[in-house]
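Student: I'd like to ask you about the structure that follows.
In our numbering, the protein residues as written are 2 to 390.
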């Protein structure tokens with residue numbers, strides 16, 4: 002069987018190489034695709050083709066994808082957490098130095114000097130006092146969000162001699178194990194705001210984090226604190242930042258999201274969304290996204306989905322596999338098992354996982370599953386999608 006994957010953006014050839022040509026047809030002109038592979042393409046208000054079984058984004062953020070719409074059709078959406086973590090970490094560390102040493106305005110000052118050597122030396126000596134900065138060792142960095150990127154930023158800052166505070170009420174065991182023992186975890190956002198000299202935001206943009214840092218939060222920060230945002234623009238309330246800068250509450254704001262209100266403003270540095278803009282990050286993201294799509298299409302396994310539960314089940318040779326997504330309600334597995342038993346089919350292995358309102362089941366069966374039986378399973382109330390692999 003050949004699976005068809007439609008690419009909605011340019012995807013690194015390193016990632017596409019993970020989809021062998023004998024088993025996958027991949028390209029931007031593919032019709033009736035089994036899966037969509039994208040980076041920044043916006044899928045909001047775009048009809049979902051009936052043929053689509055999965056979507057993968059070569060990147061961490063998925064706010065360009067209407068997750069709820071895909072969930073309602075039983076379609077998993079994959080992302081690539083951690084694939085671009087090093088690239089973003091390096092840029093955040095660079096931003097620490099940009100803010101601490103006033104590098105951008107100082108470079109701009111020097112670049113605009115237009116005079117002979119003697120006059121230039123005099124101008125440099127007279128002007129450098131306007132760009133006095135501070136050193137990082139001993140300063141306190143507050144990291145909001147300890148996912149793959151936040152953990153790397155926290156660890157790197159600690160290695161630079163900074164005191165590091167970390168806040169994440171949803172910290173996973175895996176990320177906790179990777180976090181340096183020198184990082185102090187706090188349980189309230191206020192503790193970051195009140196204690197940190199520099200605050201760096203590393204949370205996804207979801208309903209709960211939209212405007213996470215606003216007027217009330219900035220009123221709590223230390224005078225002359227620096228705010229870094231390399232997550233998503235709307236996580237920080239722009240108007241509140243401007244007001245905090247004008248009042249002197251904030252020393253500076255460095256972000257990856259230029260806007261008319263921020264550009265050319267004193268003590269603001271905006272970069273053109275460079276967080277994951279390295280060849281290595283693009284390759285890592287593409288490779289991970291392709292591997293996740295391949296595993297789901299060929300075996301039904303789910304890893305790094307933003308809407309489906311993790312589902313990894315070793316497949317025995319000589320079995321048929323059913324992959325079923327459904328509303329997370331009682332007796333779904335019972336109804337499916339009954340239909341299989343009535344068809345005289347024995348279950349070799351079964352995995353059932355849930356996540357919020359969604360449940361996902363993999364069933365390995367001794368023997369062949371007919372299309373008629375598959376239709377009966379699809380007809381069960383609450384079943385969103387089902388296929389034979």
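Using N, Cα and C, we set each Cβ at its ideal position, and we do this for glycine too.
Just checking my contact of residue 316 with residue 364 at CB under 8 Å: how many whole Å lie between their CB atoms?
Tutor: Locating residue 316 in the chain shown gives position 315, counting from the first residue. Locating residue 364 in the chain shown gives position 363, counting from the first residue. No, residue 316 and residue 364 are not in contact; Cβ-Cβ is about 11 Å, not under 8 Å.
Student: Drop a sphere of 10 angstroms on the beta-carbon of residue 343, count the other beta-carbons inside from all chains shown, and report buried for 16 or more, exposed for fewer.
Tutor: Taking the first residue of the chain shown as position 1, residue 343 is located at position 342. So residue 343 counts as exposed.
Student: How would you label residue 345, buried or exposed, when you count the other beta carbons within 10 angstroms and need 16 or more for buried?
Tutor: For the purposes of this step, residue 345 is identified with residue 344 of the chain shown, where counting begins at 1. Answer is exposed; the Cβ neighbour count stays below 16.
Student: Residue 203 and residue 270: beta carbons closer than 8 Å?
Tutor: Here residue 203 refers to the residue found at position 202 of the chain shown. Here residue 270 refers to the residue found at position 269 of the chain shown. No, the pair does not count as a contact, with Cβ atoms beyond the cut-off.
Student: Nearest by alpha-carbon distance to residue 94: which of 375, 178, 199 is it?
Tutor: The sequence position of residue 94 within the chain shown is 93, counting from 1. Minimum Cα distance to residue 94 is reached at 199.
Student: Taking 8 Å as the threshold (C-beta atoms), are residue 39 and residue 80 in contact?
Tutor: The residue given as residue 80 occupies position 79 in the chain shown. The residue given as residue 39 occupies position 38 in the chain shown. Residue 80 places its beta carbon 8 Å or farther from that of residue 39.
Student: Exposed or buried, what is residue 167 when buried is set at 16 or more other beta-carbons lying within 10 Å of its beta-carbon?
Tutor: Indexing the chain shown from 1 puts residue 167 at position 166. Looking at its Cβ environment, which holds 16 or more other Cβ atoms inside 10 Å, residue 167 is buried.
Student: Ignoring anything shorter than 3 residues, give me the beta strand (DSSP E) runs that lie fully in the segment 310-377, in order along the chain.
Tutor: 320-328, 347-356, 359-367
Student: Return the bridge partner residues of residue 154 from the DSSP annotation.
Tutor: Locating residue 154 in the chain shown gives position 153, counting from the first residue. Per DSSP, none; premise fails for residue 154.
Student: Give every residue of the same chain whose Cβ lies closer than 6 Å to the Cβ of residue 114, excluding the five residues on either side of it in the sequence, and list them in chain order.
Tutor: Residue numbering aside, residue 114 sits at position 113 when the chain shown is read from its first letter. Closer than 6 Å at Cβ, skipping near neighbours: 121, 124.
Student: For a test of the three-state rule: what should DSSP assign to residue 49, helix, strand or coil?
Tutor: Looking up residue 49 in the chain shown gives position 48. Residue state, collapsed to three classes: coil.
Student: According to DSSP, is residue 172 part of a helix, a strand, or is it coil?
Tutor: Position 171 of the chain shown holds residue 172. In this structure, residue 172 counts as coil in the three-state DSSP scheme.
Student: Since residue 3 contacts residue 25 with CB under 8 Å, what's their CB separation in whole angstroms?
Tutor: For the purposes of this step, residue 3 is taken as residue 2 along the chain shown, with counting starting at 1. For the purposes of this step, residue 25 is taken as residue 24 along the chain shown, with counting starting at 1. At roughly 7 Å, the Cβ-Cβ gap stays under 8 Å, so residue 3 and residue 25 are in contact.
Student: Based on DSSP bridge pairs, tell me the residues matched to residue 254.
Tutor: As a working note, residue 254 is residue 253 in the chain shown. Bridge partners of residue 254: 228, 269.
Student: Buried or exposed, going by whether 16 or more other CB atoms sit within 10 Å of the CB of residue 33?
Tutor: Against the chain shown, residue 33 aligns to sequence position 32. Exposed is the call here.
Student: Quick one: what's got a C-beta closer than 7 Å to residue 13's C-beta in the same chain, skipping five residues either side?
Tutor: One-based indexing of the chain shown puts residue 13 at position 12. For residue 13, where only same-chain residues beyond five positions count, the Cβ hits under 7 Å are 283, 284, 287.
Student: Between the Cα of residue 35 and those of 244, 54, 182, 150, spot the shortest distance and give me the residue it belongs to.
Tutor: Along the chain shown, one-based indexing puts residue 35 at 34. For residue 35, the nearest C-alpha among the options comes from 54.
Student: Evaluate contact between the segment 70-80 and the segment 137-145, counting only Cβ atoms and requiring at least three cross-stretch pairs below 8 Å.
Tutor: No: the two stretches stay apart, fewer than three of their Cβ pairs being nearer than 8 Å.
Student: Answer with buried or exposed for residue 90, where buried requires no fewer than 16 other C-beta atoms within 10 angstroms of its C-beta.
Tutor: Here residue 90 is taken as the residue at index 89 of the chain shown, counted from 1. Buried, since its Cβ has 16 or more Cβ neighbours within 10 Å.
Student: Applying the criterion that 16 or more other CB atoms from any shown protein chain within 10 Å of the CB defines a buried residue, is residue 189 buried or exposed?
Tutor: The sequence position of residue 189 within the chain shown is 188, counting from 1. By the neighbour-count definition (other C-beta atoms within 10 Å, threshold 16), residue 189 is an exposed residue.
Student: Does the distance from the CB of residue 27 to the CB of residue 17 come in under 8 Å?
Tutor: The count along the chain shown starts at 1 and reaches residue 27 at position 26. The count along the chain shown starts at 1 and reaches residue 17 at position 16. The answer is yes: Cβ separation under 8 Å.
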